[in-house]
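Notes to accompany the following structure.
2 protein chains.
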Amino acid sequence: MAQAKTSAFDPALVRAAGLAKALAHPVRIRILEILAARRGCVCGGLVDLLPLAQSTVSQHLKELRAAGLIRGEIDGPRTCYCLDARAVAEAASALAGLFARLCREGCGRPATRAGKPPHKRKDPS
Amino acid sequence: MAQAKTSAFDPALVRAAGLAKALAHPVRIRILEILAARRGCVCGGLVDLLPLAQSTVSQHLKELRAAGLIRGEIDGPRTCYCLDARAVAEAASALAGLFARLCREGCGRPATRAGKPPHKRKDPS
DNA sequence: CTCATTTATCGTATATTTACGATATACGAT
DNA sequence: ATCGTATATCGTAAATATACGATAAATGAG
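Taken in order, these protein sequences are the chains called L and F. For the first sequence, the positions run 7 to 131 when my numbering is used. For the second sequence, the positions run 7 to 131 when my numbering is used.
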């Protein structure tokens, strides 16, 4: 069973994880960067700039669309993609918020319960 | 072939994608939040708080470790995990930097090449 | 030493992701 | 109407991710 137990979690958390997933591949981040730099780009333009087949690029675009980060507008036989500024901003603040929460506390090494000297094991650090 | 063509990309980009991947599952974000709130937690403590088997939790911990976001210290038969504050801060700034770049430009709908009216198709927005 | 506890790892099953080529569809041009 | 271009989707293969139970190793308690 590899079915994600996503439903058992806070929706905001699931959303954050979903956004992270959309960014979890170098090509997809690259696509976002290109779209930002060019204020939009046609699918074929992206294919020219990336070392991937057209169908693969289209698939990544689909994922970014599903995450809401980009939008596509039909321009004749082509489709022009551009960032969804709102969604990008929302994603930025969602992740910033997450990290803000995390950064409050670092690794204080939470009182390893008195002075018990650590033992030797594979040490998963 | 599902082999990620990750090697064909800028290392910083690959790193950012790797960080995002570590955050791409609700359980892993939850674990980070718990560790932040408690300033560290033993594996069994996390298992008690999560709806997953011990082995599954251990596996997620391994991924977070691999991403460098947490560290584990052996405490007797237990292992105490805590955030790696440095890595978390670095991750925060890496992703913040990414979004800063993206947010500069939104979706201006980049001059759909003059006034050609968009045609009708499945519209992938 | 023996036993219970804790955790990492192994083996396994299933689902998802990644990637490609082939194809169908939509459109503009001829 | 036909052709070429652009793109999304389909089918497929391989890799990876997700989850679990079982097990091994280490430790502390007795």
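C-beta: ideal position from N, C-alpha, C; glycine also.
Item, Value
"For F/Gly2, three-class secondary structure by DSSP", "Residue numbering for chain F in the displayed model covers 7 to 131; residue 2 of chain F lies beyond these limits and cannot be assessed."
"Length at least 4, wholly inside the segment 83-112 of chain L: the alpha helix (DSSP H) runs in chain order", "91-110"
"Own chain partners of L/Leu104 with C-beta closer than 7 Å, once the 5 adjacent residues on each side are dropped", "Ala22"
"Whole-angstrom C-beta distance between L/Ala102 and L/Leu75, which should lie under 8 Å", "About 16 Å separates the two Cβ atoms, so there is no contact after all."
"L/Val134 at chain F interface by Cβ criterion, 7 Å", "With chain L represented from 7 up to 131, any question about residue 134 of chain L goes unanswered, as that position is not in the structure."
"Rounded separation between F/Ala91 and F/Arg45 - CA only", "11 Å"
"Three CB pairs or more closer than 8 Å across the segment 17-33 of chain F and the segment 31-42 of chain L", "yes"
"Beta-ladder partner(s) of F/Cys47, from DSSP", "F/Tyr87"
"Where F/Thr62 sits in the DSSP three-state scheme", "helix"
"Which of helix, strand or coil DSSP assigns to L/Asp81", "strand"
"Where F/Ala18 falls: helix, strand or coil (DSSP)", "helix"
"Of the listed residues F/Arg107, F/Ala95, F/Val94, F/Arg77, nearest to F/Cys217 (C-alpha basis)", "Because chain F in this structure spans residues 7 to 131, residue 217 of chain F falls outside the shown range and cannot be described."
"F/Arg84 and F/Val53 closer than 7 Å at C-beta", "no"
"Euclidean distance between Cα positions of L/Leu58 and L/His66", "10 Å"
"Interface flag, L/Pro57 vs chain F, CB-CB below 7 Å", "yes"
"Chain-ordered neighbours of F/Val20 on chain L, where CB pairs are closer than 7 Å", "Pro32"
"Proximal residues of chain L, C-beta to C-beta of F/Ala26 below 7 Å", "Ala26, Leu29, Ala30"
"Any chain F beta carbon closer than 7 Å to L/Ala100", "no"
"Chain-order list of residues whose beta-carbon lies under 6 Å from that of L/Ala18 (same chain, five-residue window excluded)", "none"
"Short CB-CB distance (under 7 Å) between L/Ala42 and chain F", "yes"
"L/His125 burial status per 10 Å Cβ neighbour count (16 or more: buried)", "Annotation note: pLDDT 35 at L/His125 (below 50); position unreliable, no value reported."
"Partner residues on chain L for F/Glu39, Cβ-Cβ distance less than 9 Å", "Leu19, Leu104, Arg107, Leu108"
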